[in-house]
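Some notes on the structure that comes next.
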Amino acid sequence: MWHRIWLFLLLGTSSSRKIVGNVDHQWLGNGTSDNPYIVSWPANDSLNGRNYGTVRKVSIIALSGLSTLSVAFASSAYSGDLSSICQYFGVSDEAATLGLSLYVLGFAIGPLLWAPMSEAFGRRIVFLATFSLFTIFNIAAAISANFASLVIFRALAGMFGSAPLTNSGGVVADLYSAETRGLAAVFYSCATFLGPVLGPIAGGFLGEAQGWRWVEGLLAIYSGFMLILGILCVPETFSNVLLRRRAAMLSMQTGKLYVTSVDHRNPPGSLAERLQVSLTRPLRLLSKEPIVLVLALYMSFLYGTTYLLLAALPIVFQRVRGWSPGMGGLAFVPIAIGMLFATAFMIFINRQYTRNVRASETGQLPPEARLPSGKAGAALIPMGLFLFAWTNGPSIHWAVCMVGTAFFGFGNICVTLALVNYLVDSYVTYAASALAAATVMRSLCGATFPLFTTYLYDELGIHWASSVPACLSLACLPAPYLLSKFGPRIRRRSKFATLAMSD
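Residue numbers (mature numbering (1 follows the signal peptide of the UniProt record, and there is no 0)): -16 to -1, 1 to 487.
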């Protein structure tokens, strides 16, 4: 019985027969150490995620997206009613912001650990282990007796909750081929960005009505619910782990040696070696690859600006206009609307890209084909931020500046998805490390930007302080245009991009 429970926790199925598959299948090799049987996917194997039905695939992607949303939502729901935390613990606004910043800082640390662990042990078991701790630390934060413990538990929740931010993207790749995964990837990415925007809305109203403890309690309930659904409904999808388990069980049952096709070509290193690569390769890419550095800086600025707005909008609408925390949370709705419209736009762009791929002679397009939506978004972002900056005073109707934040939300999604796709297409084999580099940098910006927002607005006022990110976005605007022109030349001189193309 315990063996079946362990198999269920590891893989989402307790059936040894399903894991082993057809025992009479004719594998390549003869089962010796010199020539082991090579285990790969037979056609229509029910254990292979690519063969799941549409409903099951959509359900798994939806649950993975909602889990990602819960983590991103928890980052900002805390900020919905910071005033009650300041009053309860007797701390300043700047100190209370630490609960937000340290949580996001966990996003910079966690993925470097959870990504290689998921490759070694599987996406499911890593999700269950880390999300269990994420739920526990959310509960601990809700019952914190002092401010120090609240901040510490928030930081730990951010680190352990960050697994879906990277591993859910892997689930998309497990279930869909490169040609068909675009739509699923758009929905998953949308969850990552919508979470920080939706959090203050719920946190503002709930904090105003019931206090900050119930905000943290809501996060614990949400994460606990997603954990239960994950246990019951989301199986292991990573092919390498499933095939390794099949090979191990076949070896045990028959006394012959079975290995996976991937491990036969490239024997897996130890977890320590994978962690070393996970921790060092992103830094090498940042230091040696101009494309990675520039795009990581751009995405980090956009992510940091999103979290800057988490601290700025309460100043503009609650302190200056006198709105309540609940009503102040509604100021984030236009950003969410902009992001949703951008998601629909990116679905259209993805379909057009797929048609262009099929029409091309080689069946491939250069990475620069991903950039048109990024160019449009890069132009909208400074327009939106400048509009917000100079219309957010109480003398002008609140709806005008909110149009600016909607433009920012739209442009943010367009630019980020375009740049992520560009990195993936440029580095292929090393895409995970390139994205990890960008994730670390953007999380650091997301953690630090809110810390100086209050000082910035106190010193410069709401107009000039809001103009600072607008000016920075104007400086970033040429990036996708320059990549379109000089990207191929830079990639030809790039060691990692050249290796990725040769692989």
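Every residue gets a Cβ at the ideal spot worked out from N, C-alpha and C, and that includes glycine. Quick caveat: nothing in here was measured; it's all calculated off a predicted structure.
Where residue i sits in the DSSP three-state scheme
i: Ile22; result: strand
i: Val304; result: helix
i: Val243; result: strand
i: Leu226; result: helix
i: Leu461; result: coil
i: Leu234; result: helix
i: Leu456; result: helix
i: Leu12; result: strand
i: Leu31; result: coil
i: Pro378; result: coil
i: Arg476; result: helix
i: Gly(-5); result: coil
i: Gly5; result: coil
i: Leu355; result: coil
i: Ser271; result: helix
i: Pro350; result: coil
i: Ser17; result: coil
i: Ser68; result: helix
i: Ala449; result: helix
i: Ser128; result: coil
i: Gly188; result: helix
i: Arg165; result: coil
i: Pro251; result: coil
i: Gly183; result: helix
i: Arg430; result: Going by the sequence as given, residue 430 is Gly instead of Arg. Correct three-state label for Gly430: helix.
i: Gly142; result: helix
i: residue 495; result: Outside the shown range of the chain, which is -16 to 487, sits residue 495, and nothing can be said about it.
i: Met471; result: One point to set straight first is that residue 471 is Gly, not Met, in the sequence displayed. Helix at Gly471.
i: Gly195; result: coil
i: Ser486; result: At Ser486, the pLDDT of 48 sits below 50, so the modelled position is not reliable and the matter cannot be decided from this model.
Beta-carbon separation (whole angstroms), residue i vs residue j, contact threshold 8 Å
i: Val246; j: Ala231; result: Between Ala231 and Val246 the Cβ distance is about 10 Å, and since that is not below 8 Å, they are no contact.
i: Leu84; j: Pro434; result: 5 Å
i: Ile69; j: Val155; result: Contact doesn't hold; Cβ gap of about 35 Å is too wide.
i: Tyr414; j: Pro351; result: That belief does not hold up - the Cβ atoms of Tyr414 and Pro351 are roughly 13 Å apart, past 8 Å.
i: Val199; j: Leu190; result: 5 Å
i: Ala363; j: Leu461; result: 7 Å
i: Pro366; j: Ser284; result: At roughly 17 Å, the Cβ-Cβ gap does not stay under 8 Å, so Pro366 and Ser284 are not in contact.
i: Gly142; j: Leu97; result: Rounded, the Cβ-Cβ distance is 13 Å, inconsistent with contact.
i: Gly393; j: Ala326; result: 7 Å
i: Arg305; j: Trp382; result: 7 Å
i: Lys359; j: Pro472; result: Contact doesn't hold; Cβ gap of about 17 Å is too wide.
i: Phe301; j: Gly312; result: 5 Å
i: Tyr206; j: Ser54; result: 5 Å
i: Ser417; j: Arg265; result: 4 Å
Opening and closing residue of the alpha helix (DSSP H) in which residue i lies
i: Val75; result: No alpha helix (DSSP H) holds Val75; DSSP gives it neither H nor E.
i: Val88; result: 82 to 105
i: Tyr411; result: 382 to 411
i: Ala157; result: 147 to 159
i: Val218; result: First-last for Val218: undefined, no H or E at that position.
i: Thr346; result: From DSSP, Thr346 is part of no alpha helix (DSSP H); its letter is neither H nor E.
i: Ala296; result: 274 to 297
i: Ala61; result: 38 to 61
i: Gly312; result: 309 to 313
Assigned exposure category for residue i - 16 Cβ within 10 Å defines buried
i: Leu216; result: exposed
i: Gln260; result: exposed
i: Cys385; result: buried
i: Cys174; result: buried
i: Cys429; result: buried
i: Ser410; result: buried
i: Ser161; result: exposed
i: Asp487; result: Legend: pLDDT at Asp487 = 49, less than 50; position of this residue unreliable, value from coordinates given subsequently. Burial call: exposed.
i: Lys41; result: buried
i: Gly322; result: buried
i: Ser254; result: exposed
i: Pro453; result: buried
i: Arg339; result: exposed
i: Glu443; result: exposed
Residue i beta carbon near the ligand NAD (any heavy atom closer than 7 Å)
i: Gln336; result: The ligand content of the structure shown is nil, which means the ligand NAD is not present either.
Residue i at chain C interface by Cβ criterion, 8 Å
i: Met143; result: Absent from the structure is chain C; it holds one protein chain and no more.
Exercise. Taking 8 Å as the threshold, find out whether the segment 317 to 331 comes into contact with the segment 391 to 405 through three or more Cβ pairs.
Key: Between the segment 317 to 331 and the segment 391 to 405, the count of Cβ pairs shorter than 8 Å is three or higher; the stretches touch.
(Q) So, does the segment 148 to 168 touch the segment 308 to 325, judging by three or more C-beta pairs under 8 Å? (A) The way I'd put it, the segment 148 to 168 doesn't touch the segment 308 to 325; fewer than three beta-carbon pairs between them come closer than 8 Å.
| query | On the three-pair Cβ rule with 8 Å, is the segment 269 to 283 touching the segment 416 to 432? | reply | The count of Cβ pairs closer than 8 Å, one atom from the segment 269 to 283 and one from the segment 416 to 432, reaches three, so the stretches are in contact.
Check whether the segment 296 to 312 touches the segment 375 to 392, taking contact to mean three or more Cβ pairs, one atom from each stretch, closer than 8 Å. Contact holds: three or more Cβ-Cβ distances are below 8 Å.
Query raised in the report: So does the segment 94 to 112 actually touch the segment 213 to 228, counting three or more Cβ pairs closer than 8 Å?
Result: Contact between the segment 94 to 112 and the segment 213 to 228 is present, because at least three Cβ pairs lie under 8 Å.
Worksheet item: Contact between the segment 168 to 185 and the segment 63 to 79: three or more CB pairs below 8 Å?
Response: Yes, the segment 168 to 185 is in contact with the segment 63 to 79.
Inter-stretch contact (C-beta, 8 Å, three-pair minimum) for the segment 223 to 238 and the segment 22 to 36
Yes: at least three Cβ pairs fall under 8 Å.
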